[in-house]
Amino acid sequence: MKNVKDALDRLGTYFQEGAKLHALHPVYDAIRTIFYLPGEATVRMPAVRDSLDLKRFMSLVIVALIPQTLFGMYNTGAMALLAEGADPSWGHAVYRGAEAFLPMLVVSYGVGLTWEGIFAVVRGHKISEGFLVTGLLFPLTLPPSVPLWQVAAGISFGVVVGKEVFGGTGRNILNPALTARAFLFFSYPVSMSGDNVWVATKAVDAVTAATPLSLALGAKGEAVPEALVRSGYTFWTMFSGQIPGSVGETSALLCLASAVFLCMVGVASFRIIVGGVLGVCAMGAAVVLLSSELSPWHWINPVNHLIMGGFAFGITFMATDPVSAPGTDGARWVYGFLIGVLTVIVRAYNLAYAEGVMLAILFMNLFSPMLEIIEIKLRTGKRVPNV
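Residue numbers for the sequence shown follow UniProt numbering, so the first one is 1 and each next one is one higher.
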């Protein structure tokens, strides 16, 4: 590796200040930091107080996303093989899932990093490591059958409009990955919703596969629990993730493991995650009590909201985004709780949209600064004034 380092150091002379390629220094720096950590030390305030810098922060999130990525490829392939009547063996399923997911991942990183590089060169700053997470999160939130050109359009909107117009990583109001997904959902709803988008099959005819949420939405009265079981959606299959859905969001079990890991290493706030779970359970119970017996949600166990759809994935990886989420403890509890409440409200009372976590998180992103201001004022108001 010393030869690689020496080669990169020699190339670095062409990108130093005053050199011909100095304008492209952010691109060189991004490539170099893939192989080596920066060796610079802070010489004046503010100084880094521990090792949890931006690179380590983002690297830990990537590590937490690896199980979802691998299982997502397997589940995507297994759903496609089952729809075609083929044997969903582990190796065959992973191969088929990789065929669908890896092109989406390549497009997401390729197009997104291109935009990141353009803005870094124009503004003269380094390419942020934040996109390493955004570029992986975005395709994991998509149906496996989405066209690649839509992946490119979505990540372009998420990077440019969702982040760079606000000044880049650390200044964005909304979560970039969810902003990209929301753009695709409202711009191309046929490719992002319905029962024909969740199976990446090679069959000529369209294959329908209702998700648990859409199946529950279409059921009536007491038939909801029976309809779920009849379709193979038992508690375990929904909890483990062996169901149709977006590539990386189906397994609540893996999301739970990732949430524990991220909280233990200090990346995610347990207050947001636990608050979101409490909000879902509280609002889910309220819907059961307040809705009529004709409503399908009257018969849904509130706990099922935690494992149906993308709530577990959203509350673990999107809601805990340190930029768009609050930084104070009290605001984090309220923020997470309201995300859970809004998720159930959208699911139960918006018949045109079975999922609700995406809109709930984006909506609470807008109110995150206000929640922090309220908590700060409440705390400072309790102080004894100087006399």
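The beta-carbon is built from N, C-alpha and C at its ideal position, and this holds for glycine as well.
Neighbourhood of residue i by C-beta distance below 6 angstroms, restricted to the same chain and skipping five residues each side
i: A252; result: F239, I307, A312
i: T179; result: G158, G162
i: T169; result: S128, G130
i: Y188; result: Q150
i: A210; result: D195
i: F183; result: G154, F157
i: E249; result: G310, F313
i: E372; result: P326, T328, A331
i: E116; result: I127, F131
i: A354; result: L213, S214, L217
i: N334; result: The identity of residue 334 in the sequence shown is Val, whereas the question assumes Asn. If we look at V334 and ignore the five residues flanking it on each side, its Cβ neighbours are L371.
i: D9; result: none
8 angstroms contact criterion, which residue i and residue j should meet: CB distance rounded
i: Y109; j: G135; result: 4 angstroms
i: V323; j: N172; result: 6 angstroms
i: V341; j: A282; result: 7 angstroms
i: V106; j: Y74; result: Between Y74 and V106 the Cβ distance is about 19 angstroms, and since that is not below 8 angstroms, they are no contact.
i: G284; j: P296; result: 13 angstroms between Cβ atoms; not a contact.
i: E84; j: T201; result: 6 angstroms
i: L137; j: A177; result: 4 angstroms
i: V287; j: A352; result: At roughly 17 angstroms, the Cβ-Cβ gap does not stay under 8 angstroms, so V287 and A352 are not in contact.
N-terminal and C-terminal residue of the alpha helix (DSSP H) that residue i is part of
i: L256; result: 252-264
i: V323; result: Note, V323: premise wrong, no alpha helix (DSSP H); not H, not E.
i: T13; result: Unbroken run through T13: none, as it is neither H nor E.
i: T114; result: 90-123
i: W236; result: 235-240
i: I345; result: 329-349
i: A354; result: Taken as a continuous stretch (DSSP letters only), A354 belongs to no alpha helix (DSSP H), as it is neither H nor E.
i: S246; result: No alpha helix (DSSP H) contains S246, which DSSP labels as neither H nor E.
i: R271; result: 270-290
Residue i versus residue j: straight-line alpha-carbon distance, rounded
i: I339; j: A152; result: 28 angstroms
i: W90; j: N196; result: 24 angstroms
i: L132; j: L289; result: 43 angstroms
i: Q150; j: V63; result: 27 angstroms
i: T69; j: F367; result: 31 angstroms
i: I361; j: G310; result: 12 angstroms
i: H92; j: L21; result: 47 angstroms
i: I118; j: R181; result: 22 angstroms
i: P212; j: S246; result: 12 angstroms
i: M364; j: G275; result: 13 angstroms
i: G279; j: L11; result: 53 angstroms
i: D321; j: F185; result: 21 angstroms
i: R230; j: Q242; result: 15 angstroms
i: V224; j: Y233; result: 11 angstroms
i: W198; j: L174; result: 26 angstroms
i: G18; j: N3; result: 26 angstroms
i: I376; j: H125; result: 32 angstroms
i: M264; j: F270; result: 9 angstroms
i: L359; j: L262; result: 23 angstroms
i: D6; j: Q16; result: 16 angstroms
i: R56; j: A86; result: 42 angstroms
i: F337; j: V160; result: 30 angstroms
Of the listed residues the options, nearest to residue i (C-alpha basis)
i: T316; options: R347, L290, G18, A257; result: A257
i: P103; options: Y335, P139, A285, W90; result: P139
i: R96; options: M264, L378, T76, W115; result: T76
i: L217; options: V346, I66, R171, K377; result: V346
i: R332; options: V341, A319, T343; result: A319
i: G112; options: M79, E164, T141; result: E164
i: A227; options: F235, W236, L215; result: L215
i: T141; options: N304, H298, P244, V303; result: P244
i: P144; options: R123, A86, M79; result: M79
i: G330; options: A348, L378, A352, L342; result: L378
i: G327; options: W297, V277, G266; result: G266
i: P67; options: G276, P369, H298, L254; result: L254
i: V344; options: V277, M370, E375, G167; result: V277
i: F166; options: F186, S193, R123, W198; result: R123
Heavy atom of the ligand SAM within 7 angstroms of residue i beta-carbon
i: L254; result: With respect to the ligand SAM, the structure shown offers nothing to examine, as it has no ligands at all.
Contacting residues, own chain, Cβ-Cβ under 7 angstroms from residue i (five flanking each side not counted)
i: L82; result: P88
i: A259; result: A268, I273, T316
i: M58; result: E129, G130, L132, V133
i: S292; result: H298
i: P46; result: Low confidence applies here, because P46 scores a pLDDT of 48, under 50, leaving its location unreliable and the question unanswered by this model.
i: F101; result: G72, M73, T76, P139, P144, V247
Contact with chain D by residue i, beta-carbon distance below 8 angstroms
i: I339; result: Within the model displayed, chain D is absent; a lone protein chain is all it includes.
Neighbourhood of residue i by C-beta distance below 8 angstroms, restricted to the same chain and skipping five residues each side
i: F235; result: N304, I307
i: I374; result: A331
i: S191; result: P143, S145, V146, P147, Q150, L184, V197
i: T237; result: I243
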